[in-house]
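Visitor: One structure follows; several queries about it will come next.
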Amino acid sequence: MINIWLLSLFFLIFILLTVFIHKKQRKYQHLPSPPSFPIIGNLHLLGELPHQSLWRLSKKYGPVMLLKLGRVPTVIVSSSETARQVLKLHDIHCCSRPGLAGPRDLSYNYLDIAFSPYDEYWREVRKLAAQELFSTKHVHSIQPIKDEEVKKLIDSIAKSASQQTPVNLNKTFLALTVSVICRTAFGVSFEGTVLNSDRFNKLVREALEMLGSFSASDFIPFGSIIDWLTGLQGRRKQSVQDLDAFYEQMIDLHKQEKDEGSVDFVDLLLKLEKEEAVLGNDKLTRNHIKAILMNVLLAGIDTSAITMTWAMTELARNPRVMKKVQSEIRTQMGKRERISLEDTDQFHYLKMVIKETWRLHPTTPLLLPREAMSEFEVNGYTIPAKTRLHVNVWAIGRDPDTWKDPEIFLPERFLDNGIDAKGQHFELLPFGGGRRICPAIYMGTTMVEFGLANMLYHFDWKLPEGMTVKDIDIEEAPGLTVNKKNELILVPAKPLDN
């Protein structure tokens, strides 16, 4: 008798689960999707470089594709037209963020604030960032800092040039952007302080790796056990603790006396905290400050460095383009010693080189995930609420329907076509688009233009002895942002006419 009741109970549970799963899957029944496995869904298809795996899948399943990432339904859009629909026509329907993956110590709840959904608080913070830290006025006000840091860089490379010593450009560009960001946003330099540049670089790299890592707890039942067994949970907790210690150090330094008139972003936030400013429905707290600093730190440190590294990689692989862009810069500059920010406005071919670099090597190949707040349609397919969405910018840059010969590095393709990277041309989205577009477009663009212009003006660049153009690889390293896997090593030389 007991066995009959148990069998009946199991049968009832099976029926209910089948109905629930079928009902849930019916919402997505018309979306093209690869076959999936129970529990893990399509997670096995992502690979080490998800943007490349998704690009290959999109060739078979189309520019609007559903993946079942464990229990998380995720739609991938992979063409400029579908990106336009998501980021412009239906932006208001899907401009929220899904929760940050993985369990965390609640004492560090500013992580949830940093990755906040679309709400009044987020709009207020974005307004603050746009008007203060990333405004055109502020970018011009910090130019003397860029001038100083670039001069230090040029002087350092000049020594290598005189000795014909190879230079690691990955590390060189990262050191430059770290110095500029830390001085402009945090008001500190590694020189003469207790801060250590190597420790700081490791801190940022680990934080980015953790944010870009796969968290089983976000996708499958009992995934937190897997995260604990793999050590991911422990690494995440340690990374957050290290970040917190860094933020506290920044704040402590700003409580000390500073030069009169020297005001950076931390000063501004501490002033707002003291005045009990309101963001959204809450007063600005110390956790809010740390959340904003986290966004500035992790979004701004390595993206410009990555773009400059990829640009120099492609220039080294394409000597014709290298010669042409250097000729433009040197012709415009004449015999002047220093490049100004205003000078970069005249380097039109350099701007095309940078656009072409963004097309082939976007620093964030998959835009950070969005979450649908209400139902909408893309290409006639219904996207239900709570669906996660990714825009595959890397795939869009290689779409043959948009770009002729997409695998070729050809800056001239941007000649007189009007395409820019400000989020209104969906063929080129290095900063994203819509309400979630990066507010630091101008700051990031000027940093890349100014850094590259100086490197190309002051030095010629040769390959190390025994190396040819064919030996330069373009393999990518995995992560939330995608850098060159193998470091770019070039030999600087003073131009013959200098």
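For the sequence shown, the numbering used here assigns the number 440 to the initial residue and increments by one for each residue that follows. Just so it is clear, CB atoms sit at the ideal spot from N, CA and C, and this is done for glycine as well.
(1) Assuming residue 935 and residue 900 form a contact by the criterion Cβ under 8 Å, report the distance between their Cβ atoms to the nearest whole angstrom.
(2) Report the partner residues of residue 607 according to the DSSP bridge assignment.
(3) Below 8 Å, can you find three or more Cβ-Cβ pairs linking the region 512–531 to the region 837–852?
(4) Using C-beta distances below 7 Å, list every residue in its chain close to residue 568, excluding the 5 sequence neighbours before and after it, in chain order.
(5) Evaluate residue 824 with the Cβ neighbour count: other Cβ atoms within 10 Å of its Cβ, from every protein chain shown; 16 or more gives buried, anything less gives exposed.
(6) Report the CB separation of residue 862 from residue 872 in whole angstroms; it is logged as a contact under 8 Å.
(7) Leaving aside the five residues before and after residue 532 along the sequence, list all residues of the same chain whose C-beta is less than 7 Å from its C-beta, in chain order.
(8) Looking at residue 503: is its Cβ nearer than 8 Å to the Cβ of residue 818?
(9) What are the residues that DSSP puts in a beta bridge with residue 900?
(10) Does at least one heavy atom of the ligand NAD sit under 7 Å from the Cβ of residue 622?
(11) I need the straight-line Cα distance from residue 917 to residue 714, nearest angstrom please.
(12) Check whether the region 611–628 touches the region 729–741, counting contact only when three or more Cβ pairs, one atom from each stretch, lie closer than 8 Å.
(13) Which word fits residue 787, buried or exposed, when buried means at least 16 other C-beta atoms lie within 10 angstroms of its C-beta?
(14) Provide the residue span of the alpha helix (DSSP H) that contains residue 560, from first to last.
(15) When you compare only the Cα positions, how much space is there between residue 624 and residue 684?
(16) Under DSSP, the beta strand (DSSP E) around residue 504 begins and ends at which residues?
(17) Would you list the one or two residues that DSSP bridges to residue 512?
(18) Mind checking whether residue 707 and residue 723 have CB atoms under 8 Å apart?
(19) Considering only the alpha carbon of each residue, which of 807, 512, 797 and 781 lies closest to residue 922?
(20) Alpha carbon to alpha carbon, how far is residue 609 from residue 720?
(21) In the structure shown, what three-state DSSP assignment does residue 521 receive?
(22) In whole angstroms, give me the CA-to-CA distance for residue 584 and residue 621.
(23) Going by C-alpha distance, which of 881, 834, 770 and 767 is nearest residue 490?
Guide: Short version:
(1) Start at 1 with the first residue of the sequence shown, and residue 935 comes out as number 496. Start at 1 with the first residue of the sequence shown, and residue 900 comes out as number 461. Not confirmed; about 14 Å, so no contact.
(2) Along the sequence shown, read from residue 1 onward, the residue named residue 607 stands at position 168. According to DSSP, residue 607 bridges with 928.
(3) yes
(4) As a first step, residue 568 is located in the sequence shown; it is residue number 129 there, counting from the start. The answer, listed in chain order, is 878.
(5) The sequence position of residue 824 within the sequence shown is 385, counting from 1. So residue 824 ends up on the exposed side.
(6) In the sequence shown, residue 862 corresponds to position 423, counting from 1. In the sequence shown, residue 872 corresponds to position 433, counting from 1. Correct: roughly 4 Å between the Cβ atoms.
(7) By one-based count along the sequence shown, residue 532 stands at place 93. Within the same chain, residue 532 has close Cβ partners 811, 812, 813 and 815.
(8) Stepping through the sequence shown from its first residue, residue 503 is reached at position 64. Stepping through the sequence shown from its first residue, residue 818 is reached at position 379. The answer is yes: Cβ separation under 8 Å.
(9) For the purposes of this step, residue 900 is taken as residue 461 along the sequence shown, with counting starting at 1. For residue 900, which the question treats as bridged, DSSP gives the partners 931.
(10) Among the ligands in the structure shown, none appear at all, so the ligand NAD cannot be discussed.
(11) The count along the sequence shown starts at 1 and reaches residue 917 at position 478. The count along the sequence shown starts at 1 and reaches residue 714 at position 275. So the two alpha carbons sit approximately 43 Å from each other.
(12) yes
(13) Counting from one through the sequence shown, the residue named residue 787 turns up at place 348. Looking at its Cβ environment, which holds fewer than 16 other Cβ atoms inside 10 Å, residue 787 is exposed.
(14) For this step, residue 560 is matched to residue 121 along the sequence shown. Residues 559–567.
(15) In the sequence shown, residue 624 corresponds to position 185, counting from 1. In the sequence shown, residue 684 corresponds to position 245, counting from 1. Their Cα atoms are separated by approximately 17 Å.
(16) Within the sequence shown, the letter at position 65 stands for residue 504. It spans 503–508 - the beta strand (DSSP E) in which residue 504 sits, taken as one unbroken run.
(17) Counting from one through the sequence shown, the residue named residue 512 turns up at place 73. The partner list for residue 512 (beta bridge, DSSP) reads 507.
(18) The residue labelled residue 707 in the question sits at position 268 within the sequence shown. The residue labelled residue 723 in the question sits at position 284 within the sequence shown. It is not a contact, given that the beta carbons lie outside the stated cut-off.
(19) Along the sequence shown, one-based indexing puts residue 922 at 483. When only C-alpha atoms are compared, the closest one is 797.
(20) Sequence index remark: in the sequence shown, residue 609 carries index 170 (1-based). Sequence index remark: in the sequence shown, residue 720 carries index 281 (1-based). Distance between the alpha carbons of residue 609 and residue 720: 42 Å.
(21) For the purposes of this step, residue 521 is taken as the residue at position 82 of the sequence shown. The answer is helix: DSSP assigns residue 521 an H, G or I state.
(22) For the purposes of this step, residue 584 is taken as residue 145 along the sequence shown, with counting starting at 1. For the purposes of this step, residue 621 is taken as residue 182 along the sequence shown, with counting starting at 1. So the two alpha carbons sit approximately 10 Å from each other.
(23) Taking the first residue of the sequence shown as position 1, residue 490 is located at position 51. Ranking the options by Cα distance to residue 490, first place goes to 834.
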